[in-house]
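Chains as they are written, first to last, in the working numbering: chain A, 1345 to 1853; chain B, -10 to 88.
Just so it is clear, CB atoms sit at the ideal spot from N, CA and C, and this is done for glycine as well.
Just so we're clear, the structure is a prediction, and the values are computed from it rather than from any experiment.
Here is the structure we will look at, set down as structure tokens.
Structure below.
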């Protein structure tokens, strides 16, 4: 199919193609920004919590000036939006919570400034802030204190969570790309359920500075876009050390994840060698990821994607991750423990909600916190406070951290037999809004395939792989060893050169 | 092991939360459901296993850095306090603590 670029709707273009059009001065960043703002204004999916056209247009004008001056950097002038757990100086930041209604941060998160139009930034224009589960706690975006975001493939269904607004907005072509955060699957699962591509890097690869903290030893930022190449372009700008501001940030230089993939586009015409060839790549399949717990429609899609990888020259080997099921209790002890500690900062004094009526300081704390936190945050604070309390710390928190080491060791054992690990992201396609709301533990169980790699701090991604029940998208999960983001992106990119799952448009797109 | 309403009240106080009676009941039953799941951890032998706090520590020692204790931010009091619920002359206001 030959398409004249100038006739294509701007919102159908990839980040890569939009950047090329901007660099060629076929279109200005202000025009692109206005085009997306118009779509966002008309959207009915509940994906945005804040927009400010004046701010976005001013950023786009700044990008246009840089373009006019001859600057050519890979993302200059391309718009995106941020998950609302990244603090931003120019937009409100709520983390999906009533606790932070109307909160304005005095600074930008490191990831936001690295991507943005300020000094040293990649020059991307911010279109606004994206809906998410309250404090990133949830798998369906239903825990947003404002409204549930909807899945553009079927608006009666959830888009996944907690980066649900990010995923739905990218899938619906309201934005070309978004940031997300992943603590136990919050980038990969919504990417899978909306048919887009998302990568959670190795823990510590992107700075956590300015990410509203949920579980500090697990939280990690990553890009969400339609293709692996677009994710690679964003990750190249987001990743890198932030030594003075995030003590857990890895002291490794930023990497260029995109150039090899761009060269691989040309490979189709025989012009370049593959940096990470699939031929000879060993893909490990943990038997625990392919059991009865996974819905047959999801398994069928995953298996056909793996068959495609075999055709491309990869070999499939069985590996064992025996503690996969245990990752659920381990995660749901560690994450709430860290959350209860992190959320203790919300005291109604320095920022955030303060109750209107109280008797004394203690009563003010209690009323402000109880009014400000939603059900899931309250539940996790209760779990976390309990497992950290005197007499229970060893039995729960310490025990969980020990099993966490065993889980991480199991992955290292598996990686002696394979290069990357593959499986489903989520055991089912997106469920109906309201279906799992009454039973929080049922929601926790659905995180089974993403939690273990989060606990181990490994990079993982979701790659669109087909459609299951109800015509809903299914993602293939790829998990790499530490710092192997380039290998994952390469494997996803080559798959996307021979498949078009990531190009499919949802009904409400 | 099952939690009692008394446990819930104790933990809520530690967490500085005030739960309505219906919330206490709901959270009690949800937490008991949750700790049934957590009980699976007991079956895993962790004798001699060190807890893993930073995931990359699996690869070797990870030094968590401390930066020099030098103030490197400009004074941003006004902008930092713009989202505070109650401020007067640059100070955060709280209810009277000392009579």
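Every alpha helix (DSSP H) stretch that sits fully inside the segment 1367 to 1418 of chain A and reaches 4 residues is listed by chain position as 1373 to 1386, 1397 to 1412.
Contact between the segment 1813 to 1826 of chain A and the segment 1643 to 1659 of chain A is present: 3 or more CB-CB pairs across the two stretches fall below 8 Å.
According to DSSP, residue pairing for residue 1555/A in a beta bridge involves 1430/A. With respect to chain A, the C-beta atom of residue 78/B has no partner C-beta closer than 8 Å. Within 8 Å of the CB of residue 1753/A, the CB atoms of chain B belong to 47, in sequence order along the chain.
Residue pairing for residue 1805/A: DSSP places it in a beta bridge opposite 1543/A, 1822/A.
The beta carbon of residue 1747/A falls within 8 Å of a beta carbon belonging to chain B, placing the residue at that interface. For the pair of segments examined, the segment 1487 to 1507 of chain A was found not to touch the segment 1450 to 1462 of chain A: the number of CB pairs separated by less than 8 Å stays below three.
Residues of the segment 1517 to 1531 of chain A with a Cβ closer than 7 Å to any Cβ of chain B: none. Check the Cα spacing between residue 1794/A and each of 1847/A, 1633/A, 1841/A, 1386/A: the tightest is with 1633/A. At least 8 Å separates the CB of residue 1580/A from every CB of chain B.
Not a single C-beta of chain B is nearer than 8 Å to the C-beta of residue 1628/A. Taken in chain order, the complete beta strand (DSSP E) segments of 3 residues or longer contained in the segment 1749 to 1782 of chain A are 1764 to 1768.
In summary, residue 1838/A is buried, with 16 or more beta-carbon neighbours lying within 10 Å of its beta-carbon over all protein chains present. Within chain A, no C-beta atom comes less than 7 Å from the C-beta of residue 13/B; the nearest is roughly 10 Å away. Taking 8 Å as the cut-off, the Cβ atoms of residue 1802/A and residue 1538/A do not count as close.
At least one C-beta of chain A is nearer than 8 Å to the C-beta of residue 7/B. Closer than 9 Å at the C-beta level to chain B, one finds these residues of the segment 1787 to 1812 of chain A: 1788, 1789, 1798, 1799, 1800, 1801, 1802. At a cut-off of 4 residues, the continuous stretches assigned as alpha helix (DSSP H) that sit fully inside the segment 41 to 75 of chain B are 66 to 69.
Going by DSSP, residue 1456/A is part of the alpha helix (DSSP H) stretching over 1454 to 1459. The continuous alpha helix (DSSP H) containing residue 1579/A extends over residues 1572 to 1582. Fewer than three pairs of CB atoms, one per stretch, sit closer than 8 Å, so the segment 1754 to 1761 of chain A makes no contact with the segment 1710 to 1722 of chain A. Residues 1471, 1472, 1474, 1519, 1522 of the same chain have their beta carbon placed closer than 6 Å to that of residue 1425/A, with the five preceding and five following residues left out of the count.
In terms of beta-carbon proximity, residue 1816/A stays away from the interface with chain B, with every pair separated by 8 Å or more. Cβ atoms of residue 1377/A and residue 1469/A come within 8 Å of each other, at about 5 Å. The three-state reading of DSSP puts residue 1474/A in strand, counting E and B together. Looking only at 1382/A, 1558/A, 1851/A, 1542/A, the smallest Cα-Cα distance to residue 1440/A is reached by 1558/A. Contact between the segment 1366 to 1386 of chain A and the segment 1434 to 1454 of chain A is not established, with fewer than three Cβ pairs separated by less than 8 Å. Proximity of residue 1563/A to chain B, defined by a Cβ-Cβ separation below 8 Å, is not satisfied. Bridge partners of residue 1810/A according to DSSP: 1818/A. Not flagged as an interface residue toward chain B: residue 1771/A, since no C-beta distance is shorter than 8 Å. One finds nothing in chain B with a Cβ atom closer than 9 Å to the Cβ of residue 1570/A; even the nearest lies about 29 Å away.
Around the C-beta of residue 1680/A, 16 or more other C-beta atoms lie within 10 Å, and the residue is accordingly described as buried.
For residue 1841/A, the enclosing alpha helix (DSSP H) starts and ends at 1829 to 1842. The C-alpha of residue 1849/A lies about 50 Å from the C-alpha of residue 2/B.
When Cβ-Cβ separations below 8 Å define contact, residue 43/B makes contact with chain A.
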